[in-house]
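Everything on this sheet refers to the single structure shown next.
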């Protein structure tokens, strides 16, 4: 096949490209320039997509003997990822920009351009697996190494995108093996640190970045009864489950820490309270999508049905979180699909704007953006305002 290898400049994508070459594919490497003013150097493992990263990708492509290009996707990245990040925080939600980048850039804009240029597939260094069922349908599954599994951030992929995705690291048992292979192949990135944090906030200071990119107005910090406890510098810079940085002068009556329970952008209020009030067992998600065929219970749902049959799942709400047993069902209030999940055991610190990815065993069924999260039979802690 003609394969376009997305090369970030890290060890994973370099080894993935090498394996694609070794498999006999006709491989071309491409580095995505996502910023008009990229930093020259990284700070250790913080950030990515720098000029240094593009050079590391070029050196890897040279070593592999494959063509290499840099594509400018900075405008799309600004619109679809950065501006979405700002607007979600402005609405009082906690977004995951890596999910949006995979959805809008790496497996939408990139794949669209790749197919237009005659490529058959896009290859990345993600730790995830594409499996074909007995009827030839593609499914997304967890990688062999669960410690490095990245299927969560790929939960936004559609069936069509899975048909054109290759993940050569799927069966790799450990990251140490990838580094050893890179060294054996003479790739200079063999010992390069993994990147972390949000790529466009390389110093990790999300609050400071938001203060520079959106208007933050002071407002009230209140308890769940509405009593004022203090003042914040901008409600949008807080997130559900946050403990530090509240700056409340008076301690709680029980002497225990307070946590952010809710963000109310309309009234510019931050609601705080005891940790126990963070517990939720119901989540409602908007804009659901399926990584392959949807569950049978959803497929059998007719346009006249208001709700699908319920089906058992495991749900994950963070990239490195643990999956939790749950029951899911689809509803269509006002014609808009919503993925609903009831957890078997309550979880804490789930915020609107996060992505919930639902699994059955190792298979990724799909995902939705959390619009509301609350304790059953109680007023919604999130999404009620």
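In the numbering used here, the protein residues as written are 27 to 411. Every residue, glycine too, gets a C-beta built ideally from N, C-alpha and C. Predicted, not measured: the structure shown is a model, and the values here were computed from it.
TODO: Could you tell me the distance, in whole angstroms, from the CA atom of residue 248 to the CA atom of residue 265?
DONE: Walking along the chain shown from the start, residue 248 turns up at place 222. Walking along the chain shown from the start, residue 265 turns up at place 239. Between residue 248 and residue 265, the C-alpha separation is close to 15 Å.
Open item on the list: For residue 245 and residue 401, what's the separation of their Cα atoms in angstroms?
Closed with: Here residue 245 is taken as the residue at index 219 of the chain shown, counted from 1. Here residue 401 is taken as the residue at index 375 of the chain shown, counted from 1. Cα to Cα, the separation comes out at about 27 Å.
Open item on the list: Based on DSSP bridge pairs, tell me the residues matched to residue 56.
Closed with: Within the chain shown, residue 56 is the residue found at index 30, counting from 1. Residue 56 pairs with 32, 95.
Open item on the list: I need the boundaries of the beta strand (DSSP E) containing residue 256, first residue and last residue.
Closed with: Sequence index remark: in the chain shown, residue 256 carries index 230 (1-based). Note, residue 256: beta strand (DSSP E), 254 to 258.
TODO: Taking residue 154 as the reference, give the member of 134, 285, 188, 52 with the closest Cα.
DONE: Within the chain shown, numbered from 1, the residue matching residue 154 stands at position 128. The option with the nearest alpha carbon to residue 154 is 188.
Task: Euclidean distance between Cα positions of residue 298 and residue 269 - done: Here residue 298 corresponds to residue number 272 of the chain shown, with the count starting at 1. Here residue 269 corresponds to residue number 243 of the chain shown, with the count starting at 1. Each residue's Cα considered, the two are about 9 Å apart.
Open item on the list: I'd like to check one pair, residue 195 with residue 132: are the Cβ atoms closer than 9 Å?
Closed with: In the chain shown, the residue the question calls residue 132 occupies position 106. In the chain shown, the residue the question calls residue 195 occupies position 169. Not in contact: residue 132 and residue 195 (Cβ atoms no closer than 9 Å).
Open item on the list: Give me the residue from 259, 191, 219 with the minimum Cα distance to residue 202.
Closed with: In the chain shown, the residue the question calls residue 202 occupies position 176. The shortest C-alpha separation from residue 202 is found at 219.
Open item on the list: I'd like to check one pair, residue 136 with residue 302: are the Cβ atoms closer than 9 Å?
Closed with: Locating residue 302 in the chain shown gives position 276, where the first residue counts as 1. Locating residue 136 in the chain shown gives position 110, where the first residue counts as 1. No, the Cβ-Cβ distance between residue 302 and residue 136 is not below 9 Å.
TODO: Look at the alpha carbon of residue 335 and the alpha carbon of residue 398, and state the distance between them as a whole number of angstroms.
DONE: Along the chain shown, read from residue 1 onward, the residue named residue 335 stands at position 309. Along the chain shown, read from residue 1 onward, the residue named residue 398 stands at position 372. Approximately 21 Å between the Cα atoms of the pair.
Open item on the list: Let's test the definition: count the other Cβ atoms within 10 Å of the Cβ of residue 395 and tell me whether it reaches 16, buried, or not, exposed.
Closed with: Position 369 of the chain shown, counted from the first residue, corresponds to residue 395. Flag for residue 395 reads buried.
Open item on the list: Tell me the DSSP secondary structure of residue 157 in three-state form.
Closed with: As a first step, residue 157 must be located in the chain shown, where it is residue number 131. Strand, per DSSP.
- [ ] Measuring alpha carbon to alpha carbon, tell me which of 185, 258, 140, 94 ends up nearest residue 27.
- [x] On the chain shown, residue 27 is found 1 positions in, with the first residue counted as 1. Checking every option, the nearest Cα to that of residue 27 belongs to 140.
Task: Alpha-carbon spacing of residue 227 relative to residue 105, whole angstroms - done: Translated into the one-based positions of the chain shown, residue 227 becomes position 201. Translated into the one-based positions of the chain shown, residue 105 becomes position 79. Their Cα atoms are separated by approximately 16 Å.
Task: Test item: CB-CB of residue 86 and residue 49 under 9 Å - done: What you label residue 86 is simply residue 60 of the chain shown in a count that begins at 1. What you label residue 49 is simply residue 23 of the chain shown in a count that begins at 1. No; because the gap between Cβ atoms is not below 9 Å, this pair is not in contact.
TODO: Please list the segments of the alpha helix (DSSP H) lying wholly inside the stretch 190 to 227, counting only runs of 4 or more residues, in order along the chain.
DONE: 201 to 210
Open item on the list: Using a Cβ-Cβ cutoff of less than 6 Å, which residues in the same chain neighbour residue 84 once the five nearest sequence positions on both sides are dropped?
Closed with: As a working note, residue 84 is residue 58 in the chain shown. Cβ within range, chain order: 94.
Task: Proximity of residue 382 and residue 353 at Cβ, strictly below 9 Å - done: If you number the chain shown from 1, residue 382 lands on position 356. If you number the chain shown from 1, residue 353 lands on position 327. Cβ atoms of residue 382 and residue 353: not closer than 9 Å.
Open item on the list: Once DSSP output is grouped into helix, strand and coil, what is the label at residue 350?
Closed with: For the purposes of this step, residue 350 is taken as residue 324 along the chain shown, with counting starting at 1. Residue state, collapsed to three classes: strand.
Task: Alpha-carbon to alpha-carbon, residue 176 and residue 273 - done: Position 247 of the chain shown, counted from the start, is the residue given in the question as residue 273. Position 150 of the chain shown, counted from the start, is the residue given in the question as residue 176. So the alpha carbons of these two residues sit roughly 36 Å apart.
- [ ] May I have the straight-line CA-CA distance separating residue 235 from residue 99, to the nearest angstrom?
- [x] Here residue 235 is taken as the residue at index 209 of the chain shown, counted from 1. Here residue 99 is taken as the residue at index 73 of the chain shown, counted from 1. Answer to the nearest angstrom: the Cα atoms are 22 Å apart.
- [ ] Return the chain-ordered list of same chain residues with a C-beta closer than 6 Å to the C-beta of residue 168, the five sequence neighbours on each side being excluded.
- [x] As a position in the chain shown, residue 168 is number 142, starting the count at 1. Counting only Cβ-Cβ distances below 6 Å, and skipping sequence neighbours, we find 175, 177, 388.
Task: Distance between beta carbons of residue 391 and residue 339, contact taken as under 8 Å - done: On the chain shown, residue 339 is found 313 positions in, with the first residue counted as 1. On the chain shown, residue 391 is found 365 positions in, with the first residue counted as 1. Sure, about 7 Å apart at Cβ, within 8 Å.
Task: Beta-carbon spacing of residue 199, residue 231 below 9 Å - done: Against the chain shown, residue 199 aligns to sequence position 173. Against the chain shown, residue 231 aligns to sequence position 205. It is not a contact, given that the beta carbons lie outside the stated cut-off.
- [ ] Can you have a look at residue 311 and say buried or exposed, based on whether 16 or more other CB atoms are within 10 angstroms of its CB?
- [x] If you number the chain shown from 1, residue 311 lands on position 285. With 16 or more other Cβ atoms within 10 Å, it is buried.
- [ ] Grab the span of the beta strand (DSSP E) containing residue 312 for me, first residue to last.
- [x] By 1-based counting over the chain shown, the position of residue 312 is 286. Start and end: 305 to 316.
Open item on the list: Mapping the DSSP letters down to three states, classify residue 274 as helix, strand or coil.
Closed with: In the chain shown, counting from the first residue as 1, residue 274 sits at position 248. It is coil, neither helix nor strand.
TODO: Would you check if the distance between the CB atom of residue 318 and the CB atom of residue 166 is smaller than 9 Å?
DONE: As a first step, residue 318 must be located in the chain shown, where it is residue number 292. As a first step, residue 166 must be located in the chain shown, where it is residue number 140. Yes, these two residues count as a Cβ contact at 9 Å.
Open item on the list: Going by C-alpha to C-alpha distance, which of 156, 362, 102 sits closest to residue 197?
Closed with: Position 171 of the chain shown, counted from the start, is the residue given in the question as residue 197. Of 156, 362, 102, the residue nearest in Cα terms is 156.
- [ ] Going by CA-CA distance only, name the one from 108, 101, 118, 51 that's closest to residue 293.
- [x] Taking the first residue of the chain shown as position 1, residue 293 is located at position 267. For the residues 108, 101, 118, 51, the minimum Cα distance to residue 293 belongs to 118.
Open item on the list: Let me confirm a value: residue 282 is counted as buried when at least 16 other C-beta atoms fall within 10 Å, else exposed. Which label applies?
Closed with: One-based indexing of the chain shown puts residue 282 at position 256. Flag for residue 282 reads exposed.
Task: In DSSP terms, what residue 366 is bridged to - done: Position 340 of the chain shown, counting from 1, holds the residue named residue 366. According to DSSP, residue 366 bridges with 310, 355.
Open item on the list: When you compare the CB positions of residue 122 and residue 375, do they come within less than 9 Å of one another, or not?
Closed with: In the chain shown, residue 122 corresponds to position 96, counting from 1. In the chain shown, residue 375 corresponds to position 349, counting from 1. Result no, Cβ atoms of residue 122 and residue 375 do not sit closer than 9 Å.
Task: Bridge-paired residues (DSSP) for residue 149 - done: One-based indexing of the chain shown puts residue 149 at position 123. Residue 149 is bridged to 31, 192.
TODO: Determine the contact status of residue 356 and residue 369, defining contact as a CB-CB distance below 9 Å.
DONE: Translated into positions along the chain shown, residue 356 becomes position 330. Translated into positions along the chain shown, residue 369 becomes position 343. No, they are not a contact pair.
- [ ] Please state if the CB of residue 53 and the CB of residue 129 are separated by a distance shorter than 9 Å.
- [x] Residue 129 sits at position 103 when you count from the first residue of the chain shown. Residue 53 sits at position 27 when you count from the first residue of the chain shown. For residue 129 and residue 53, no; Cβs fall outside 9 Å.
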